[in-house]
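Chemist: Okay, here's the structure, questions in a sec.
Numbering (this note's numbering), first residue to last: 3 to 107.
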């Protein structure tokens with residue numbers, strides 16, 4: 003797996019999510035190596051910065067409602083993050099296989 007994000011980009015993501023209207027979007031992560039996937043959480047201030055960003059394979063972000071989806075996409079695009087749109091929201095990649103092309107939101 004090849005890293006696609008650094009600590010600065012993770013902090014920018016966290017800051018952007020804290021600025022969105024409340025309730026904020028929910029998120030869950032998958033960890034590199036173990037494959038552990040967290041439960042959905044919507045607490046960005048403390049929980050998202052727990053531990054290290056370096057082991058995050060991806061974070062999936064789910065808007066609280068349809069209106070928030072457009073604000074969320076605009077925030078993700080403003081930071082220029084590697085990711086895709088999903089059925090529930092957006093997935094931002096922290097690591098990708100070396101042979102996988104990286105798309106940006």
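Think of the CB as a built atom: it goes at the ideal place given N, C-alpha and C, for glycine as much as any other residue.
Going by C-alpha to C-alpha distance, which of 94, 80, 58 and 81 sits closest to residue 34?
Modeler: Among 94, 80, 58 and 81, the Cα nearest to that of residue 34 is on 58.
Chemist: Quick check: residue 9 and residue 55, are their CB atoms within less than 8 Å of each other?
Modeler: Yes, Cβ-Cβ distance for residue 9 and residue 55 is below 8 Å.
Chemist: Pick from 90, 46 and 102: whose alpha carbon is nearest that of residue 24?
Modeler: Nearest option by C-alpha distance: 46.
Chemist: Roughly how many angstroms separate the alpha carbons of residue 12 and residue 101, rounded to a whole number?
Modeler: One C-alpha to the other measures close to 23 Å.
Chemist: Between residue 83 and residue 107, which are expected to be in contact by the criterion C-beta below 8 Å, what is the C-beta distance as a whole number of angstroms?
Modeler: The pair is a contact, with the Cβ atoms about 5 Å apart (cut-off 8 Å).
Chemist: Along the chain, which unbroken stretches of the beta strand (DSSP E) at least 3 residues long are found entirely within the region 12-52?
Modeler: As far as the region 12-52 is concerned, its whole beta strand (DSSP E) runs of at least 3 residues are 28-33.
Chemist: Looking only at its chain, what residues have a beta carbon closer than 8 Å to the beta carbon of residue 63, apart from the 5 residues adjacent to it on each side?
Modeler: Correct list, in chain order: 19, 27, 28, 29, 74, 78, 91, 92, 93 and 94.
Chemist: In three-state DSSP terms, what is residue 83?
Modeler: The answer is coil: DSSP assigns residue 83 none of H, G, I, E or B.
Chemist: I need the DSSP call for residue 62, collapsed to helix, strand or coil.
Modeler: The answer is strand: DSSP assigns residue 62 an E or B state.
Chemist: In terms of DSSP beta bridges, what is residue 90 paired with?
Modeler: Looking at the DSSP assignment, residue 90 forms no beta bridge with any residue, so it has no partner.
Chemist: I'd like to know whether the C-beta atoms of residue 5 and residue 96 end up nearer to each other than 8 Å.
Modeler: Cβ atoms of residue 5 and residue 96: closer than 8 Å.
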